[in-house]
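Structure record follows, encoded as structure tokens.
2 protein chains.
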Amino acid sequence: MKKTIDKLSLVGVGNVGSHLHQSFIQEGISVSHVVSRSKPSDALLKQSIWVEEVEKLPANQLVIVCVPDDSIQSVLSRIPASCPVAYTSGSVELQHLSDRSELGVFYPLQTFTKGKEVNMFEVPFFIEANSTVFASELFDLAWKISRKVSFASSEDRKKLHVAAVFINNFTNHLAHISKSYLTQHNLDFEHLKPLLKETAHKLETQDPFDAQTGPARRNDQNIIEEHLRLIEDPTQRELYRLFSKSIHQTYFND
Amino acid sequence: MKKTIDKLSLVGVGNVGSHLHQSFIQEGISVSHVVSRSKPSDALLKQSIWVEEVEKLPANQLVIVCVPDDSIQSVLSRIPASCPVAYTSGSVELQHLSDRSELGVFYPLQTFTKGKEVNMFEVPFFIEANSTVFASELFDLAWKISRKVSFASSEDRKKLHVAAVFINNFTNHLAHISKSYLTQHNLDFEHLKPLLKETAHKLETQDPFDAQTGPARRNDQNIIEEHLRLIEDPTQRELYRLFSKSIHQTYFND
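Respectively, the protein sequence lines represent chains A and B. At position 221 of the first sequence the residue is numbered 221 (the numbering used here), and the sequence of numbers has no breaks. When you read off a place in the second sequence, starting at 1, and then add 1000, the result is the number in the numbering used here.
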């Protein structure tokens, strides 16, 4: 029978865990216990009991596991058998984990930074579970803190994660390259920030295919060669070349 | 002797030209003539006289050339000899153009989209000219429409442009890849938009080096291999691999 989840425990209060903690509390869901190796913040301790071992979590109560992918299996194996469990990973497949009576996924597709406010109601959540009843319970729980909740298979969730890696991890790395390139040449990354902001802003309304500009889009080989000459770092140069090739393939069909 | 520029002509009213036109008018600078092959918008025609040939521009008045890089030289050669001229390119070197008595650069480091409002006062402008007096006049002109004006040599301007290509062109292309990957797998790019927004937002305050997350940052080879398996397109796979290598080199020093 479907239950309403109004009380849970969290394992891990890093970037994901600490934001989920805050959202649950705000929406009136009790986070009775948190598991963390180091002492959590005072604000968190006002709301939840800190335990250092997952074995000590209360029985029969949902546990949401917010730990790095490669620790999920070992954490799961130590959680009391009576607890339903969900984990927050984009890439770990449900069927690859040892079975429990209630096991599910509670994946927020967002980048979280400790101490930086995120509007959780805008964060897409993807739900999966080894029973339709538990999946539905997790869906309802996510719906209390977000207005963008979907069911997704492990396979689809992994593909969303691949796309997220392109959008977030690689974009961030481009900013790092851009900054280190400028710093290396005694130029200030601050000059680029309005451009970065507008680039993202534009993509909220415009299709990236239509928004593309620049030397590769115009097939301006002179500028491309000139830019390659101005990049000393071999990996950065290889990235510039590969992007130019990829953009060319996208627009000139070769 | 240094003059105050309060009247000018524009060649090209595409993305850059149309935004400059609007900003100049707003700040009380008269744009007496615009050159464009096709008829400009009615709004623009209320402010400026449309001519189809640069040869017909009024003498002795500043001309700002907002055309693609590879057309600048041919446009320059047809502008009346008495006109001071500036162009808006990031990559064309001043010394590579045939000399005129007053020739300069008026480079706004931003991506412009026709019809999409940009706060010009936040746009960094980079100024260069073949005389200090003309450079100073262009600086003052830019200062009327922006609060972020600097002088920059052709070499520095080109490096800023390289960095801008990484930040804007390549980020935009990552969004395209992300979208086409999802579309190909019947998933909705809308799911990724909050992440894209937050990625850019985070970089306004956080150093990209510190903000980096993801499988490559954690050196999680299992996930990287799994993601590569899920990408069918060879160029996209090559980009994923190269980014992962570049992130690895950045954090693990090899």
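Every residue gets a Cβ at the ideal spot worked out from N, C-alpha and C, and that includes glycine.
For Val1162/B, the uninterrupted alpha helix (DSSP H) run begins and ends at Ser1154 to Ala1164, by DSSP. The three-state reading of DSSP puts Ala129/A in strand, counting E and B together.
If you look at Ala211/A, you'll find it in the alpha helix (DSSP H) that goes Pro208 to Ala211. In this structure, the CA atom of Ala1142/B is about 45 Å from the CA atom of Arg147/A.
For Leu1097/B, no CB of chain A lies under 8 Å from its own CB, so it is not counted at the interface with that chain. Taken atom to atom, the span from the alpha-carbon of Leu97/A to that of Val75/A is near 11 Å.
Take the alpha-carbon of Val65/A and the one of Ser23/A: they are about 15 Å apart. Close CB contacts of Glu1093/B within its chain, under the 6 Å cut and outside five residues either way in sequence, are with Ser1154 (chain order). DSSP places Ala86/A outside any alpha helix (DSSP H); the residue lies instead in the beta strand (DSSP E), whose first and last residues are Val85 to Tyr87. The beta carbon of Gln1110/B lies closer than 7 Å to those of Val1118 and Val1123 in the same chain, with the five residues before and after it left out.
Apart from sequence neighbours up to five positions away, the residues of its chain that approach Lys1002/B with a beta-carbon distance below 7 Å are Val1133, Ser1136 and Glu1137, ordered along the chain.
Note that the C-beta distance between Phe1106/B and Ile1072/B is not below 8 Å. Close to chain B, meaning a Cβ-Cβ distance shorter than 7 Å, are the following residues of the segment 158-184 of chain A: Lys158, Lys159, Leu160, Val162, Ala163, Ala164, Val165, Phe166, Ile167, Asn168, Asn169, Phe170, Thr171, Asn172, His173, Leu174, Ala175, His176, Ile177, Ser178, Lys179, Tyr181 and Leu182.
For Val1051/B, the uninterrupted beta strand (DSSP E) segment begins and ends at Ile1049 to Val1051.
Beta-bridge pairing by DSSP links Ile1064/B to Leu1010/B and Ala1086/B.
By the CB criterion at 8 Å, Val16/A and Thr113/A fall outside the cutoff. Non-local beta-carbon contacts of Glu1055/B in its own chain, meaning distances under 6 Å to residues more than five positions away in sequence, involve Arg1078 in chain order. Close to chain A, meaning a Cβ-Cβ distance shorter than 8 Å, are the following residues of the segment 1223-1246 of chain B: Ile1223, Glu1226, His1227, Leu1230, Ile1231, Thr1235, Gln1236, Glu1238, Leu1239, Tyr1240, Leu1242, Phe1243, Lys1245 and Ser1246. Of all residues in the segment 1125-1140 of chain B, the ones placed with a Cβ closer than 9 Å to any Cβ belonging to chain A are Phe1126, in chain order. Interface annotation for the segment 190-209 of chain A against chain B: Glu190, His191, Leu192, Lys193, Pro194, Leu195, Leu196, Lys197, Glu198, Thr199, Ala200, His201, Lys202, Leu203, Glu204, Thr205, Gln206, Asp207, Pro208 and Phe209, criterion Cβ-Cβ distance under 9 Å. Proximity of chain A to Val1118/B at the Cβ level (cut-off 8 Å) is accounted for by Glu198, in chain order. For the pair Ser9/A and Ile1223/B, the Cα-to-Cα distance works out to about 27 Å. Looking at the DSSP output, Pro124/A shares a beta bridge with Lys148/A. In this chain, the beta strand (DSSP E) harbouring Phe106/A covers Leu103 to Pro108.
Contact between Phe189/A and His1176/B is ruled out by a C-beta separation of about 24 Å, above the 8 Å threshold. DSSP, read as helix, strand or coil, puts Val34/A in strand. Scanning chain B for C-beta atoms nearer than 7 Å to the C-beta of Gly104/A yields nothing, as the closest lies near 19 Å away. With contacts defined as CB atoms closer than 8 Å, Val1067/B and Val1085/B fail to qualify as a contacting pair.
By the Cβ-count criterion, Thr199/A is buried, with 16 or more other Cβ atoms from all chains shown falling within 10 Å of its own Cβ. Burial state of Thr1171/B is buried, judged by a 10 Å Cβ sphere holding 16 or more other Cβ atoms.
Between Ser48/A and Lys7/A, the C-beta gap is not smaller than 8 Å, which leaves the two residues out of contact. In this structure, Phe1121/B lies away from Phe1139/B, with their beta-carbon atoms at least 8 Å apart. At least one CB of chain A lies nearer than 8 Å to the CB of Ser1091/B. In the DSSP assignment, His1248/B falls within the unbroken alpha helix (DSSP H) covering Pro1234 to Phe1252. In the three-state DSSP reduction, Glu190/A falls in the helix class (H, G or I).
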